[in-house]
Every structure is written in structure tokens, then in C-alpha cells.
Amino acid sequence: MKVGFFPGCSLEGSSREYNESLLAIAPALGLELAEVPDWNCCGATAAHSLNHKLALALPARILALAERAGITELLVPCSACFSRLAATREQLTRDDALRGEIARIIELPFTARTKVLNVLEVLALCVKDGFAQQVRRPFAHKVACYYGCYLTRPKSIGTCARAEDPQEMDEMMKLVGAEPLDWAFKVECCGAGLSVSRTSSVAELSGRIVADAAARGAEAIIVACPMCHTNLDLRRSAIERHRQAKYALPVLYLSQVIGLALGLGERELGLHRHAVPVRLASPAPAGGEPAARPTATVSQEQEN
Amino acid sequence: MPGSSHGSAHADTLPAKMRAATGESVFNCYQCGKCTAGCPLAQEMDYAPNQIVRLLQLGFPELEEEALKAFSIWLCLTCETCGARCPKEVDLPRIMEYLRQESLRRGLVHPKAKDILAFHEAFLDTIRRNGRLHEVGLISQYKLKTLHLLQDVLSAPALLLRGKLKLLPHKIEGQDAISRIFERTTDHKEE
Chain A
172 MKVGFFPGCS
182 LEGSSREYNE
192 SLLAIAPALG
202 LELAEVPDWN
212 CCGATAAHSL
222 NHKLALALPA
232 RILALAERAG
242 ITELLVPCSA
252 CFSRLAATRE
262 QLTRDDALRG
272 EIARIIELPF
282 TARTKVLNVL
292 EVLALCVKDG
302 FAQQVRRPFA
312 HKVACYYGCY
322 LTRPKSIGTC
332 ARAEDPQEMD
342 EMMKLVGAEP
352 LDWAFKVECC
362 GAGLSVSRTS
372 SVAELSGRIV
382 ADAAARGAEA
392 IIVACPMCHT
402 NLDLRRSAIE
412 RHRQAKYALP
422 VLYLSQVIGL
432 ALGLGERELG
442 LHRHAVPVRL
452 ASPAPAGGEP
462 AARPTATVSQ
472 EQEN
Chain B
72 MPGSSHGSAH
82 ADTLPAKMRA
92 ATGESVFNCY
102 QCGKCTAGCP
112 LAQEMDYAPN
122 QIVRLLQLGF
132 PELEEEALKA
142 FSIWLCLTCE
152 TCGARCPKEV
162 DLPRIMEYLR
172 QESLRRGLVH
182 PKAKDILAFH
192 EAFLDTIRRN
202 GRLHEVGLIS
212 QYKLKTLHLL
222 QDVLSAPALL
232 LRGKLKLLPH
242 KIEGQDAISR
252 IFERTTDHKE
262 E
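If you read the protein sequences in the order shown, they are chains A and B. Quick note: the first sequence uses our numbering, first residue 172, plus one each step. Quick note: the second sequence uses our numbering, first residue 72, plus one each step.
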């Protein structure tokens with residue numbers, strides 16, 4: 172399957188392991204990724220907060236460049252970028268006059284016909300029934316699948332069948348040998364773009380997510396968004412200070428877990444780039460007793 | 072979807088202008104409070120999300136201004152939970168977006184929101200100059216704007232250690248086109 176690819180800025184910087192792991196698993200999944208030439212930033216929360224036209228024009232330029240490159244389906248692995256691109260496409264498909272105005276602003280012809288796909292949609296096409304045969308090292312761990320906001324909301328662009336309790340990532344985790352847990356914070360917000368300007372809010376919101384996953388016995392939180400990863404992983408010390416507790420629970424990208432199951436190396440998948448070390452106990456031998464408590468559990472230091 | 076709001080006599084009210092610009096009407100809201108119940112940051116807000124809508128429903132200019140001066144509109148994470156759960160399908164994130172832009176245009180931004188605004192502005196500044204986000208550039212801009220010079224805002228040492236920070240920006244070829252996009256979209260004047 173050949174699809175267009177818009178990595179977005181985070182995947183070139185603070186979330187480069189998401190990019191590395193996606194590129195590493197693509198060949199085994201039969202995915203050919205064609206990067207959009209000369210792409211720009213989608214404008215993210217900043218444009219969306221301050222300037223509505225700009226928040227449409229920046230994603231529209233990316234979509235127009237994809238269109239020019241003959242891309243009919245575009246994979247956007249960052250959930251936040253996905254949200255901006257899909258929302259722009261949705262709005263400009265409905266409003267011809269506005270689409271014309273935006274096309275003049277970006278100086279490119281633009282029909283909004285390129286379809287925007289998120290990482291769950293694309294990976295679900297590859298990680299499905301027959302996938303078990305490709306699994307060389309089952310990821311036999313209890314995982315909390317964290318979807319966050321933009322894979323499920325708003326309704327106009329979300330792609331999960333059950334917005335309040337999505338299952339798509341959970342299903343893929345089962346196919347790689349993991350045990351997805353039922354937990355309460357699957358679709359709660361991590362604090363998103365306030366990471367820098369209001370870290371205290373992020374420590375509270377992301378702290379609730381990490382604490383619930385840990386309390387349910389998760390050995391890892393699985394994410395599909397660089398912003399979620401930053402807040403749950405890189406901001407872990409702020410979370411721990413805020414909650415007065417220690418959490419050794421690592422946060423892995425969905426693509427890294429699939430890569431591990433395919434037998435790829437930890438370095439190749441960028442596991443060494445995380446702030447919270449990824450140390451998982453060896454899985455139990457097939458058919459044997461469940462593994463002893465892994466290293467990746469909570470050690471509550473003090474109150475709560 | 073421009074609409075006539077509630078009678079043309081009130082065409083200059085904030086709800087009427089909002090409806091013309093976004094298609095969203097605050098009069099669809101019947102104040103059930105579902106938005107506030109699900110809002111992750113409602114506890115930190117000065118007005119809860121449903122109260123922001125209420126301020127706009129009552130028809131008093133001073134209350135409309137109160138909504139534009141609220142801290143809440145800047146705390147909103149656009150997580151879309153309120154919109155997804157609203158029984159009347161009010162697109163509250165879109166309303167919040169409109170209020171932020173109007174608040175900025177009229178110079179009514181809440182003083183506590185200055186760091187949040189500075190971050191957004193610094194972010195857009197690096198995009199205007201490079202076309203893509205440059206995290207090191209963003210952080211230095213943000214520090215200059217807020218004077219939080221010593222705050223380690225992005226755990227920079229941790230990032231550098233893991234090969235995640237690029238010291239120099241990547242400029243895209245279409246940089247001029249990006250600058251022109253900014254020029255054509257950022258010139259908002261009070262009508």
C-alpha cells in the first residue's frame with residue numbers, strides 16, 4: 172500500500188523516535204510512504220488559537236502540495252496535525268468560496284480531494300487477522316491504550332467507532348500479543364499545547380492519566396501522538412513532583428510496540444530517546460505462569 | 072453559514088457577529104452544564120464553559136466583554152470533549168476560538184493568559200520565519216517574551232542528550248510563500 176506521508180514538525184525534533192519507528196516498520200507492513208515535498212508546519216494550536224484564516228491556510232498548503240504530488244491518501248501520524256488537516260479539509264470541502272479564497276492565499280490550486288488518514292486507520296489496514304504470523308517476539312505485557320483527543324473527536328473528523336471507549340488500538344495490541352486493559356482515561360486530554368506555558372495544568376491532567384494506568388497494573392502506556400508522548404514521558408518529573416509519587420511506567424508509541432513484536436531492535440525504534448526508561452520484564456514463556464511483577468510498576472512514595 | 076441571529080435589531084451584538092463569522096449560535100444552548108462536567112480544566116477557569124455561553128446569552132454588552140476578558144477562553148485546550156458531548160451540538164471549541172481572536176483584537180486578553188499568548192505568538196513567529204517549527208528558536212523567543220529566562224521550559228538537557236533538539240532551523244524552499252500567507256491572513260482590523 173502506497174500512501175502520502177506528512178510527518179510534521181514534532182517528528183523531526185522532540186518526537187523523532189515516532190518517525191524512526193514508523194519508517195522502520197513500514198517495509199514489513201508493506202507500507203510505502205511518499206513524503207509531501209517541502210511541507211510546512213500545520214500551525215498547530217497556536218494558529219488555531221489566534222488566527223482562523225491562518226489556521227486554515229497552513230494545512231491547506233500541505234494538502235495542496237500533496238495534491239500536486241499526486242497523493243490521494245495522506246498519512247498524518249501526529250494526532251494534532253491530523254486534526255488540523257482533517258478539519259481544514261472538512262471545512263473547505265463544504266465551503267467553495269472559502270476554499271477559493273484560501274487557494275489564492277496559498278498561491279496553489281486546491282480541490283481538497285486528498286484524503287487525510289490518521290495512524291490508527293493506516294496501521295489497522297496492516298495489523299489485522301493474518302498479522303500473528305509476522306510476530307516474532309510477542310509483546311506480552313499489560314498495556315493501557317491511550318487515544319487522547321484527536322483520534323476520537325470531534326465527530327466530523329474522529330475515526331474511532333466508539334468515541335468514549337475506542338477499541339481500534341486495543342485490537343492491534345491484542346494482535347501483537349499484548350493484554351490491553353480497561354481503564355478510565357483513554358480519551359481524556361493530556362494538557363496538550365499548554366505543556367510549556369502552563370506546565371502545572373499539564374502535570375495535573377497527565378498525572379491523572381499516568382496514575383490511573385499504573386493503578387490498573389499497566390506495564391506501559393501506548394500512544395499515537397507526539398504531544399501526548401511529550402506530556403506523559405518528558406513531563407514525567409513534573410507529574411511526579413505534582414503528585415508526590417514515582418511512576419516508572421514507560422510510554423511507547425504504537426509503532427514502537429509493533430516494531431518490537433516484529434523483532435526489530437530497540438535502538439532502531441528509538442526506545443533510548445525516551446525520558447522514562449523502557450525496561451519491561453521478560454514476557455512469561457508461552458503457556459507458563461504469568462511473569463512476576465515487572466520493573467515497570469508504580470512505587471508510591473508517600474501519600475496517595 | 073451566516074445567520075440573522077435573533078432579530079436584525081441586535082446585529083451588532085457579539086453573539087450575532089459570532090454567528091455570522093462561525094455559524095454557531097449561543098442561543099442553541101439550554102445550560103445543561105454537560106460541557107463543564109467534562110471539561111478537564113473547568114476547575115482552573117474563572118468562568119466555567121457553560122457560564123461563558125451564559126454571559127453571551129443575556130444580551131448585555133458588559134457581560135459580553137466579561138466573556139472576552141475571561142481567563143477560561145485561553146485555558147481551553149480545544150480537546151473537543153464539550154463539543155462531542157453537547158446534546159444540542161453546540162461547537163463550543165469553535166466559540167472559544169472566536170472569543171480568543173476577538174479578545175486579542177480588542178485588547179482584552181486576561182493578564183494571567185500572557186504566558187499562554189506569548190507561547191502561541193513565539194510559535195507562529197518561528198513558523199513565519201522558517202516554515203517549520205524550530206524548537207530551540209521557539210523556546211528562546213518564548214523566554215524573551217515572558218522573561219522566564221531561567222525556566223527549563225522543555226527539559227532541554229534531557230532532549231539534547233537524546234538527540235532530539237536541532238540547534239539550527241530547517242528553512243523550507245517555499246519560505247517566501249509562507250511569509251506571504253502570514254501577511255495575507257494576519258491583518259485583522261477592528262471593523
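Note that the Cβ used here is the ideal one computed from N, Cα and C, for glycine as well. Keep in mind the model is a prediction, meaning the values are calculated, not measured.
For asparagine 201 (chain B), is the classification buried or exposed, using 16 other Cβ atoms within 10 angstroms of its Cβ as the cut-off for buried? Answer is buried; the Cβ neighbour count reaches 16.
Same chain only: Cβ atoms within 7 angstroms of lysine 216 (chain B), ignoring 5 sequence neighbours per side: Ala189, Glu192, Ala193
Let me know the secondary structure DSSP gives glycine 109 (chain B) once reduced to three states. helix
When you check each C-beta in the stretch 253-267 of chain A against every C-beta of chain B, which residues fall closer than 7 angstroms? Result list empty, no residue passes.
Quick one: what does DSSP say phenylalanine 98 (chain B) is sitting in, helix, strand or coil? helix
For a contact defined as C-beta to C-beta under 9 angstroms, what are the partners of aspartate 186 (chain B) on chain A? Val367, Ser368, Arg369
Beta-carbon contacts of asparagine 281 (chain A) that lie in its chain and below 8 angstroms, excluding the five residues immediately before and after: Contrary to the premise, residue 281 (chain A) reads as phenylalanine rather than asparagine in this sequence. So the qualifying residues of the chain are Ala231, Leu234, Ala235, Glu238, Leu263, Arg270, Ile273, Ala274.
Among residues of its own chain, excluding the 5 on either side of aspartate 353 (chain A), which ones have a beta-carbon nearer than 8 angstroms to its beta-carbon? Arg387
Per-residue contacts from proline 421 (chain A) into chain B (C-beta, under 8 angstroms): None at all; the shortest Cβ gap to chain B is about 14 angstroms.
Anything in the stretch 395-419 of chain A with a Cβ closer than 7 angstroms to a Cβ of chain B? List those residues in chain order, please. Leu405
Are arginine 444 (chain A) and arginine 233 (chain B) touching if we call contact CB-CB under 8 angstroms? For the 8 angstroms CB-CB criterion, arginine 444 (chain A) and arginine 233 (chain B) form a contact.
Cβ neighbours of alanine 363 (chain A) in the same chain (closer than 6 angstroms, five flanking residues each side left out): Met398
Can at least three beta-carbon pairs, one atom from the stretch 151-162 of chain B and one from the stretch 173-190 of chain B, be found at a separation below 8 angstroms? no
Let me check understanding here. Comparing Cα to Cα, which of B:Arg251, B:Gln114, B:Gly130, B:Arg199 lies closest to lysine 88 (chain B)? B:Gly130
How big is the Cα-Cα spacing for lysine 286 (chain A) and alanine 416 (chain A)? 44 angstroms
Can you give me the C-alpha to C-alpha distance between asparagine 402 (chain A) and leucine 231 (chain B), rounded to a whole angstrom? 17 angstroms
Which residue's Cα is closest to the Cα of arginine 412 (chain A): A:Pro178, A:Val247, A:Leu431, A:Ser372? Closest by alpha carbon: A:Ser372.
Within the stretch 284-320 of chain A, note down every full beta strand (DSSP E) run reaching 3 residues or more, in order along the chain. Whole beta strand (DSSP E) segments, 3+ residues: 286-288, 313-316.
With phenylalanine 253 (chain A) as the anchor, note down where its alpha helix (DSSP H) starts and where it stops. 250-265
Okay, do the stretch 308-318 of chain A and the stretch 138-157 of chain B touch, 3+ Cβ pairs below 8 angstroms being the bar? no
Leucine 346 (chain A): which of A:Ser368, A:Ala295, A:Gly378 sits nearest, CA to CA? With distances taken between Cα atoms, leucine 346 (chain A) lies closest to A:Ala295.
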